[in-house]
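Chemist:
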Amino acid sequence: MLFAPKKKAQGLVEYALVLGMVAIVVTIIIMLLWPIIADVFENINDSLSGL
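For what it's worth, my numbering labels the leading residue of the sequence shown as 6, then goes sequentially.
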């Protein structure tokens, strides 16, 4: 019983680390794909402006 809170805290830290890594990976992917995303929105904007 004395070690249960420590293991629970360790699990929370591990989840926080995984969540942090996922956030970093998603940020990097968005940064790499941003030119493509911007072009898509620009094409949509141009199409809507022509209406």
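Quick reminder that beta carbons are idealized off the backbone N, C-alpha and C, glycines included.
#1: Can you give me the C-alpha to C-alpha distance between alanine 14 and leucine 56, rounded to a whole angstrom?
#2: Note down, in chain order, each residue of its chain lying with its Cβ closer than 8 Å to the Cβ of alanine 21, except the 5 sequence neighbours on either side.
#3: Going straight from the alpha carbon of methionine 6 to that of leucine 24, what length do you get?
Modeler: According to the structure shown:
#1: Each residue's Cα considered, the two are about 57 Å apart.
#2: Excluding its 5 nearest sequence neighbours in each direction, alanine 21 has no C-beta neighbour in its own chain below 8 Å.
#3: The predicted position of methionine 6 is uncertain, since its pLDDT is 48 and thus under 50; no value can be drawn from it.
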